[in-house]
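To keep things clear, I will list the structure first and then write my remarks on it.
Chains as they are written, first to last, in our numbering: chain A, 2 to 264; chain B, 1279 to 1559.
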């Protein structure tokens, strides 16, 4: 286990150094992430300018949901961006090399890229949380803070698991583009808002089929202790384990039908 | 580059001009064909933007259930968002991505020695692709409209202007997308630039939220920048929120910016060519 963590860190570290060779890239990626997510907040603000609450959720509470998305996104791009390389790796038959090395192929794939836009996301996300907790009806206690930290990490686990799961479609689709995973990622973005605004079908899909709602809406409800959604939110760590298991299983199944590219 | 510049400088004999026109026409066809070759990927991309539009529609339905805001009621907002969605689908899936790759890998060297104009070539390709993008987006928009209980028909008074305005979306979007693709000559990175460009256009074109909901300075800036013409203007004309002199002015601004962006892009291209480094030989 220690060896695994150490190697993962080393592999990721190599990517960090490689990426930092192009300093401009680093800045472009980080700043564009802040811009993209920042504009999302401007948009939220514009909506709440004209209405005090949506289905019982006030501005700063929705900002908290949004911050959960931004942070999960940040952690998953910083540490497991490699999932998005699967399409190219499989299509070009580059997985062969990974299979020869004495380290789990899944971890090699996940650590094969580092997304510095994740850093921009993290900075902005933490800023949003800091601003939001000052405005929401919220009493501080050590238990509350611990719960919050656990839920943020679990939410990132949900996102990472689902990213892996959807990117594993590459084994079946065999296209060099990760458009399927990307479209599911945009589906996940629906969880930036309280999911009660959607129709029943969407709500079921985002809670039970691809549980992106556990990346933001439910854990945020748990932190704010809001009704029944709160109870579901406390299950976020379990959902995270389930999603990671789904992703790993999809990878295992995909690997068993991987047959390199024609030579 | 020298060749291309020389060709442009003097008026072409009529048969050469015909030959060029034929070349651009077949480029438009090729653009469309290469999109169709990766149709699955394109359709998943379309699905992605559909999810985006869907979340906006649901959100606004909740917001406007309490009554109209800033002059928008729910049926009007539905129409506005769906027109903006179709407008936003144009020149979104091929042009810049392919340009950026060819610039990064040095293949652009081949484009430089071709006896056709680079900008017109990309324009032709994008036009071929846009036909398909628009077709698919209209089908999706009609589906969404059916799902959400229909949308009102376009306002008959401004229908003519709406058509002109909708057609002008293409050169505007092409101009911005083309120029952001050219930026790769300087940055070498495109993923970040593309994300930033999409975010900026989304905000300033009023694609997610009509500009009247935004702070005053953004409204003023957008009215003079090319962005409003990329979604807001046609969408407002469709939903009948823009009439009279304001409508004509907005369409005029679109037309002026279409030409302006084209010339700006020309300038940027010649600066980029001086900057170009191709590795290997």
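C-beta atoms are modelled at their ideal positions from N, C-alpha and C, and glycine is treated no differently.
{"Check": "Do we get a CB-CB distance below 8 Å when we pair residue 1428/B with the residues of chain A?", "Outcome": "no"}
{"Check": "If we define contact as Cβ-Cβ less than 8 Å, is residue 2/A a contact residue for chain B?", "Outcome": "no"}
{"Check": "Going by the CB atoms, is the gap between residue 1456/B and residue 1361/B shorter than 8 Å?", "Outcome": "no"}
{"Check": "For a contact defined as C-beta to C-beta under 7 Å, what are the partners of residue 208/A on chain B?", "Outcome": "Here the premise fails: no neighbours, minimum Cβ distance about 15 Å."}
{"Check": "Looking at the structure shown, is residue 58/A part of a helix, part of a strand, or coil, going by DSSP?", "Outcome": "strand"}
{"Check": "Run down chain B in chain order and give the residues with a C-beta less than 8 Å from the C-beta of residue 114/A.", "Outcome": "Chain B residues near residue 114/A: none, gap ~11 Å exceeds 8 Å."}
{"Check": "Using a beta-carbon distance cut-off of less than 7 Å, what residues from the region 1322-1340 of chain B approach chain A?", "Outcome": "1322, 1323, 1325, 1326, 1329, 1330, 1333, 1336, 1337 and 1340"}
{"Check": "Tell me which residues share the same chain as residue 1402/B and place their Cβ nearer than 6 Å to its Cβ, disregarding the 5 neighbours each side in the sequence.", "Outcome": "1302, 1305 and 1306"}
{"Check": "Decide if the region 15-30 of chain A is in contact with the region 186-197 of chain A; the criterion is three or more beta carbon pairs, one per stretch, under 8 Å apart.", "Outcome": "no"}
{"Check": "How long is the line joining the alpha carbons of residue 1467/B and residue 122/A, rounded to whole angstroms?", "Outcome": "19 Å"}
{"Check": "Could you have a look at residue 1320/B and say whether DSSP puts it in helix, strand or coil?", "Outcome": "helix"}
{"Check": "Could you check what DSSP says for residue 221/A in three-state terms: helix, strand or coil?", "Outcome": "helix"}
{"Check": "Examine chain A for any beta-carbon lying closer than 8 Å to the beta-carbon of residue 1347/B, and answer yes or no.", "Outcome": "yes"}
{"Check": "So which residues of chain A does residue 1319/B contact, with C-beta pairs closer than 7 Å?", "Outcome": "176, 178 and 180"}
{"Check": "Please determine if the region 1431-1444 of chain B and the region 1505-1516 of chain B are in contact, where contact requires at least 3 C-beta pairs separated by less than 8 Å.", "Outcome": "yes"}
{"Check": "Name the two residues that bound the continuous alpha helix (DSSP H) containing residue 1377/B.", "Outcome": "1373-1383"}
{"Check": "Here's a check: name, in chain order, each residue in its chain whose Cβ is nearer than 8 Å to the Cβ of residue 17/A, leaving out the five neighbours to either side.", "Outcome": "115"}
{"Check": "Do the region 49-58 of chain A and the region 1322-1341 of chain B touch if we need at least three Cβ pairs shorter than 8 Å?", "Outcome": "yes"}
{"Check": "With DSSP as the reference, please indicate the residues paired to residue 1347/B in a beta bridge.", "Outcome": "1350/B"}
{"Check": "For residue 1481/B, which residues in chain A fall below 8 Å Cβ to Cβ?", "Outcome": "40, 43 and 44"}
{"Check": "Extract the residue ranges of the beta strand (DSSP E) inside the region 36-107 of chain A, only unbroken runs of 3 or more that lie entirely within it.", "Outcome": "none"}
{"Check": "Check the C-beta distance from residue 237/A over to residue 215/A and give it rounded, since I have them as a contact under 8 Å.", "Outcome": "5 Å"}
{"Check": "Quick one: residues in its chain with C-beta nearer than 7 Å to the C-beta of residue 1318/B, no 5 flanking neighbours on either side, listed in chain order?", "Outcome": "none"}
{"Check": "Does the distance from the C-beta atom of residue 249/A to that of residue 108/A stay below 8 Å?", "Outcome": "no"}
{"Check": "Buried or exposed for residue 291/A, please, with buried defined as at least 16 other CB atoms from any protein chain shown within 10 angstroms of its CB.", "Outcome": "In the structure as shown, chain A starts at 2 and stops at 264, and residue 291/A therefore has no counterpart that could be examined."}
{"Check": "Run through chain B and tell me which residues come within less than 9 Å of residue 118/A, C-beta to C-beta.", "Outcome": "1469, 1470 and 1473"}
{"Check": "Could you tell me whether the Cβ of residue 1486/B comes closer than 8 Å to any Cβ of chain A?", "Outcome": "yes"}
{"Check": "Taking buried to mean at least 16 other C-beta atoms within 10 Å of its own C-beta, is residue 262/A buried or exposed?", "Outcome": "exposed"}
{"Check": "Spatial neighbours of residue 1309/B within its chain, please: C-beta separation below 6 Å, excluding the five flanking residues on both sides.", "Outcome": "1403, 1406 and 1407"}
{"Check": "For a cutoff of 8 Å on Cβ pairs, would you count residue 1373/B as touching chain A?", "Outcome": "no"}
{"Check": "Does DSSP put residue 1256/B in a helix, a strand or coil?", "Outcome": "As displayed, chain B neither begins before 1279 nor continues past 1559, which places residue 1256/B out of reach and without an answer."}
{"Check": "With 8 Å as the limit, tell me which residues of the region 56-86 of chain A have their beta carbon closer than that to any beta carbon of chain B; keep them in chain order.", "Outcome": "56"}
{"Check": "Between the C-alpha atoms of residue 1279/B and residue 207/A, what's the straight-line distance to the nearest angstrom?", "Outcome": "Because the pLDDT of residue 1279/B is 43, which lies under 50, any placement of that residue in the model is unreliable, and the number read from its coordinates should be weighed accordingly. Distance between the alpha carbons of residue 1279/B and residue 207/A is about 53 Å."}
{"Check": "In whole angstroms, give me the CA-to-CA distance for residue 8/A and residue 81/A.", "Outcome": "14 Å"}
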